[in-house]
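Last residue of the sequence shown: 75 (our numbering), numbering continuous.
We put the beta carbon where it would ideally sit given N, CA and C, even for glycine.
Predicted model only: the values in this text are computed from it and were never measured.
Working notes, beginning with the structure itself.
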Amino acid sequence: MIIMAVLFISAGLMFLVYPHSITDASEKQITERVIMSRWVGGSLIIMSCLFLIMGTIQLLDQASHHIAH
């Protein structure tokens, strides 16, 4: 679970830090591509953080259920 989250976060950082652009594209296309790349990168990072939070909550729930019985 942690390895997958780290991979998603690293992919998100790659989208945020290195937005790809093609040299023969117009300025508007490059701007749109950068905006979309940053949106995808931010979404990946947020989803990974939520994935880690939900996994932590599930582990705590399992531990508390084991203690109660």
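May I ask which residues mark the beginning and end of the alpha helix (DSSP H) holding residue i?
i: Met10; result: 8–23
Quick check on the burial criterion: 16 or more other C-beta atoms within 10 angstroms. Buried or exposed for residue i?
i: Leu50; result: buried
i: Ile63; result: exposed
i: Ile15; result: buried
i: Gly18; result: buried
i: Gly48; result: exposed
Are the CB atoms of residue i and residue j nearer to each other than 8 Å?
i: Ser70; j: Ala11; result: no
i: Ser43; j: Phe21; result: yes
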